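Colleague: Let me give you the structure first, and then I'll get to my questions.
In our numbering, the protein residues as written are 17 to 321.
Structure representation (structure tokens):
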């Protein structure tokens with residue numbers, strides 16, 4: 017990474033708000049910074065009823081004739097910030113670049129709703145779609161999960177939970193720089209937490225803050241639904257694409273998760289995005305990285321990898 021870019025990243029990193037104190041303000045800022053683009057095409061808001069609760073979802077239909085295939089999207093934001101509004105542009109681009117219908121899940125956020133609330137929302141929405149795929153004119157075999165960062169963590173956890181509960185199982189999952197471990201302090205076994213943990217906007221301290229807000233009970237952090245890489249058995253998981261970023265604290269744990277999945281006989285492809293930082297997939301300025309990401313995603317969805 018060039019020196020000028022690295023200096024700029026350091027300056028931006030130091031200006032970030034304390035997420036534990038200002039998570040509500042950060043949510044509002046994200047929505048302001050991500051207004052929907054005018055060229056967004058068919059977008060439908062729905063609510064999925066689970067017991068006595070409503071889980072909002074937003075359905076994005078590609079501008080051209082959509083394939084009869086579906087992506088269920090879980091947004092990032094450390095399980096604390098982000099929502100279907102701040103990710104509307106990402107999901108619209110995802111639909112138009114893949115030709116897939118995209119269903120974005122507005123799961124409950126921590127700290128108001130700590131683990132496992134958000135995960136259960138993601139699971140229940142996914143289960144409902146798998147039980148009634150005809151509503152969206154697709155087949156179960158053509159439904160894939162996708163998420164970035166905390167959303168990648170949730171996608172991996174939903175797949176594990178689906179296998180354990182035996183109610184459905186996705187054929188494919190796409191995990192974009194996912195969190196797969198629980199400790200992002202100096203005690204982490206992953207080198208990237210130390211190497212990339214201070215100067216690239218998403219710091220290891222900030223990730224640890226998110227984890228503490230999402231999972232306040234330390235014992236729960238050892239749960240594979242929080243830290244999927246801790247699962248003793250990773251057999252019978254979806255075909256998996258993992259995309260990491262070179263200068264991301266989460267890089268090594270995402271790649272290690274892919275290798276562990278592969279060791280249990282699953283089909284796995286791992287791609288490290290060169291010169292990229294955490295969050296590039298939702299950064300409109302990271303055009304080159306995003307275009308490459310879609311190239312890899314489409315090859316994976318079309319079984320070309």
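Backbone N, C-alpha and C fix where the C-beta goes; we use that ideal spot for every residue, glycine too. None of these values were measured; they are calculated from a predicted model.
(1) Compare the Cα-Cα distances from residue 43 to each of 288, 91 and 73 and report the closest residue.
(2) By DSSP, does residue 303 sit in helix, in strand, or in coil?
(3) To the nearest angstrom, report how far apart residue 131 and residue 34 are at their CA atoms.
(4) Identify the continuous alpha helix (DSSP H) that holds residue 220 and give its terminal residues.
(5) For the beta strand (DSSP E) containing residue 288, list its first residue and its last residue.
(6) Considering only residues of the region 206-280, which uninterrupted beta strand (DSSP E) runs meet the minimum length of 3 residues and lie entirely inside it, listed in chain order?
(7) Just reading off the beta strand (DSSP E) that residue 74 is part of, what are its end residues?
(8) Under the DSSP definition of a beta bridge, which residues are partnered with residue 62?
(9) In whole angstroms, what is the alpha-carbon distance linking residue 271 and residue 287?
(10) Report yes or no: do the region 305-316 and the region 224-235 share at least 3 C-beta pairs separated by less than 8 Å?
(11) Quick check: what's the CA-CA separation for residue 95 versus residue 223?
(12) Counting only runs that start and end within the region 148-215, where is the alpha helix (DSSP H) found for 4 or more residues in a row?
Modeller: Judging by the given coordinates:
(1) 91
(2) helix
(3) 21 Å
(4) 220-230
(5) 284-293
(6) 255-263
(7) 69-76
(8) 73
(9) 8 Å
(10) no
(11) 10 Å
(12) 166-181 and 207-211
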